[in-house]
Every structure is written in structure tokens, then in C-alpha cells.
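Using my numbering, you'd call the opening residue of the sequence shown number -18 and step up by one each time.
Glycine residues also receive a C-beta, built at the ideal position from the N, C-alpha and C atoms.
None of the values given here were measured: they were computed from a predicted structure.
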Amino acid sequence: MTPQELRTLCLSFNAAVEEFPFNPETSVFKVLGKMFALSSLEGTPLTVNLKCDPEDAVRLRGEHEGLIIPGWHMNKRHWNTVTVDGSLPDRLVRELVEDSYDLVVAGLPRAERLRLDRP
């Protein structure tokens, strides 16, 4: 997956936006003001921080040692840093990004979640 493909994937979700609150190199992808992905898209290797269910986070780190690690500069219980250099299947990366988005949406107030469901 290329940096542009990762950006396109993150922006493909309903109400997703890209912001640069930290610096011009760090893309922060948010839904209704809440972050679900963070990446330095020009970084080598390409990595992305994604929210994750705590139990899944530990399991994924064990299954993909060195490629999925505790979230860098994040709450390590809820965030993983995922290496996107072709070592992991693109399908898995897409699922992890979608899971992160879904977890953030699930934590939004009911009225905001309902607003996302409207066409």
C-alpha cells in the first residue's frame, strides 16, 4: 500500500477529514473531530497509528511481531503502530483502519452517530 492509497483509504469513510495539527508532515485523520489514524505519509517505512480494542491489540502484536507494535506516542493499551511496507497483507491493513474508524465512531455521542448514518 502506498502513502496515497493509505490517505485515500482513510478519507473514504463517512465524514473523515485530514488535518495537520502537529506539523505539515503528520496527517491526522478524524471523524467528527476524533482521531482514528495518524501517519507521517512520507516516512520510511510507512507507518500508521490506529485505535484498537485492547485485547485485539495484544493479539495482533503477537501475531505480527515487529510489524504491529504498541502505539508510538499514544496510549499503548488502545493504539497500535502498524508498518505499511508490504510485509502485512493490504487486506489486513484495510481491516485495521476500518476497525479503528468503527471504534472511534462507536464512542461518539448517539446523535453524532445517527448523523453519520444519514445519506
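- Per DSSP, the continuous beta strand (DSSP E) segment holding Ser8 begins and ends at Ser8 to Val12.
- In this structure, DSSP gives Thr(-17) a state outside helix and strand, which the three-state scheme calls coil.
- Rounded to the nearest whole angstrom, the CA to CA distance from Ala(-3) to Lys32 is 15 Å.
- Per the C-alpha coordinates, the member of Gly67, Val78 and Phe17 positioned closest to Thr25 is Gly67.
- Taken atom to atom, the span from the alpha-carbon of Pro70 to that of Glu6 is near 25 Å.
- Following the DSSP letters along the chain, one finds Ala(-3) inside the beta strand (DSSP E) bounded by residues Ala(-3) to Glu0.
- Minimum Cα-Cα distance from Asp80 among the listed residues Ala38, Ser20, Leu22 and Arg94 corresponds to Ala38.
- When the Cα atoms are used, Pro51 and Leu27 turn out to be separated by approximately 16 Å.
- In this chain, Leu31 is not harboured by any alpha helix (DSSP H); it is covered by the beta strand (DSSP E) spanning Thr28 to Lys32.
- Within the stretch 52 to 96, the runs of beta strand (DSSP E) that reach at least 3 residues and sit entirely inside it are, in chain order, 60 to 64.
- Residue pairing for Ala38: DSSP places it in no beta bridge.
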